[in-house]
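Under UniProt numbering, the residue at position 111 of the sequence shown is numbered 111, and the numbers go up by one with no gaps. The C-beta atom is built at its ideal place from N, Cα and C for all residues, glycine as well.
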Amino acid sequence: MSANPHDAFGFGDEAHAEQAKREFLTCRLGDELYGIDILRVQEIRGVEQVTRVPGVAPFVRGVINLRGAIVPIVDLGLMFGFPEPLVLADASAVVLNGGRRLVGLVVNAVSDVVALTDEQIAPAPDFGNAAVGAALAGIGRHEDQTLLLLDVEHLLARIREGRERT
């Protein structure tokens, strides 16, 4: 019998390599393409009827009511230090499951889902921009595209920190 349990069933290394892939939702913010771990994405929706909340961090554009849950809407561009807020009517919100809470990240557009192997993901270099660099889990390569892979845990912690400071 083979030492590799996949070989016993005729799957070989191809099935093992397939299992090593991670899926990322790709979205545009400005000219860049970002990737979000698909396992953290609850849903994608348009951004309408955002209720402003006084005293929150500038990157929190307000909240929406999502089937009874109050969800903060965060402008990812403002969080990363972009000078202009996104036009909400033209944007999409990627609703992330943060465990006990949901958070909506506003992006220019959502593209598709890509699968990356560990070999296609490199550590994020030091960009000299703490807001962006700390929020990246790595850099992914898919076909001819470079994806900036977001560290969802870091983003959620930063959003919580921004709410607690105010």
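DSSP three-state assignment for residue i, whether helix, strand or coil
i: R158; result: helix
i: L86; result: coil
i: Q145; result: strand
i: R22; result: strand
i: V132; result: helix
i: D75; result: strand
i: P5; result: Residue confidence for P5 is low, a pLDDT of 47 falling below 50, so the modelled location carries little weight; the figure read from the coordinates is stated next. Of the three classes helix, strand and coil, the one that applies to P5 here is coil, per DSSP.
i: E32; result: strand
i: D118; result: helix
i: V152; result: helix
Neighbourhood of residue i by C-beta distance below 6 Å, restricted to the same chain and skipping five residues each side
i: R28; result: N108, A109
i: K21; result: A115, T117
i: P85; result: D75, L78
Rounded Cβ spacing between residue i and residue j (contact assumed at less than 8 Å)
i: A93; j: I73; result: 6 Å
i: R40; j: V152; result: 5 Å
i: L88; j: V50; result: 6 Å
Proximity below 8 Å, CB of residue i to CB of residue j
i: L149; j: A137; result: yes
i: L76; j: V106; result: yes
i: L78; j: L102; result: no
i: D126; j: G133; result: yes
i: residue 167; j: G140; result: This structure cannot settle anything about residue 167, because the visible part of the chain is limited to 1 through 166.
i: A91; j: V47; result: yes
i: V95; j: E43; result: yes
Contact set for residue i: own chain, Cβ-Cβ below 8 Å, skip 5 residues either direction
i: F9; result: For F9, the predicted structure reports a pLDDT of 47, less than 50, and the residue's modelled location is therefore unreliable. The matter cannot be settled from this model.
is_contact[residue i, chain D] using C-beta, thresh 8 Å
i: A124; result: In summary, chain D is missing from the structure at hand, where a single protein chain is found.
heavy atom of the ligand GDP below 7 Å from residue i C-beta
i: L148; result: Looking at this structure, you won't find the ligand GDP or any other ligand, since it has none at all.
Residue from the options with nearest C-alpha to residue i
i: F59; options: G81, I70, L25, Q42; result: G81
i: A135; options: H154, E119, A122; result: H154
i: N97; options: I38, T26, A122; result: I38
Contact set for residue i: own chain, Cβ-Cβ below 7 Å, skip 5 residues either direction
i: Q99; result: Reading the sequence as shown, one finds Gly at residue 99 and not Gln. If we look at G99 and ignore the five residues flanking it on each side, it has no Cβ neighbours.
i: A122; result: G138, I139
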